[in-house]
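Enquirer: Residue numbers (my numbering): 58 to 239.
1. Compare the Cα-Cα distances from residue 158 to each of 214, 104, 114 and report the closest residue.
2. Select from 152, 124, 172 the residue whose C-alpha is nearest the C-alpha of residue 144.
3. Alpha carbon to alpha carbon, what distance is there between residue 156 and residue 46?
4. For residue 150, tell me which candidate among 80, 66, 207 has the shortest Cα-Cα distance.
5. With respect to the beta strand (DSSP E) encompassing residue 105, which residues constitute its N-terminal and C-terminal limits?
6. For residue 127, count neighbouring Cβ atoms within 10 angstroms of its own Cβ and tell me buried if that reaches 16, exposed if not.
7. Taking the alpha carbon of residue 104 as the point to measure from, which residue in 84, 116, 118, 215 has its own alpha carbon closest?
8. Compare the Cα-Cα distances from residue 86 to each of 210, 96, 78, 102 and report the closest residue.
9. Pull up the distance between the alpha-carbon of residue 73 and that of residue 96, whole angstroms please.
10. Which of the three DSSP states is assigned to residue 204 in this structure?
11. I'd like to check one pair, residue 62 with residue 81: are the Cβ atoms closer than 7 Å?
12. From this set, 135, 219, 202, 225, which residue's C-alpha is nearest residue 112's C-alpha?
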């Protein structure tokens, strides 16, 4: 459902993908080749939400804001894993937010960061660029390798391919994304 709230309507680039079961409300902007997948809620009702180019918001994610004091800004090439909670924070470019992770009010996630599945980033915390963070509260675990940093861009690139398949812009005789077991 795409829903106007207090005279503010979501805006999407024409290349963005929004699953039919996603709810996008109010002051929300999606960048080029961004994707919002099944059962996601993006609620820009009392502040703004900006989602960058090639960013994917996976199934069952909730993105919200803080009333008047905390918009949510998500950069380019970000992957937000299934079931994550993103609230009134800033996530810069090339970040992987793991499945069921939580990022809270006024937290800042710098570029090239991996947040492990199930981690909690508390309010106001800044996660330094180039590291993996894990735990509740999230703590710096180790420096990311160049291969891991490149993999973040790879996840975003994969979701751009999924957009094309779901929009039937690329046609396939068989599913190229997996090989079924016999």
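No residue lacks a Cβ here, since even glycine has one placed at the ideal position from N, Cα and C.
Expert: Concretely, from the data shown:
1. With distances taken between Cα atoms, residue 158 lies closest to 114.
2. When each option's Cα is compared against that of residue 144, the closest is 124.
3. Only positions 58 to 239 of the chain appear in this structure, which leaves residue 46 out of reach.
4. Residue 150 has its Cα closest to that of 207, out of 80, 66, 207.
5. If you look at residue 105, you'll find it in the beta strand (DSSP E) that goes 98 to 108.
6. Under a 10 Å Cβ-count criterion, residue 127 is classified as buried, with 16 or more other Cβ atoms of the shown protein chains found around its own Cβ.
7. Closest in alpha carbon position to residue 104, among 84, 116, 118, 215, is 84.
8. Among 210, 96, 78, 102, the Cα nearest to that of residue 86 is on 102.
9. In a straight line, the C-alpha of residue 73 is about 16 Å away from that of residue 96.
10. DSSP places residue 204 in helix when its eight states are reduced to three.
11. In this structure, residue 62 does not lie closer than 7 Å to residue 81 by Cβ.
12. Ranking the options by Cα distance to residue 112, first place goes to 135.
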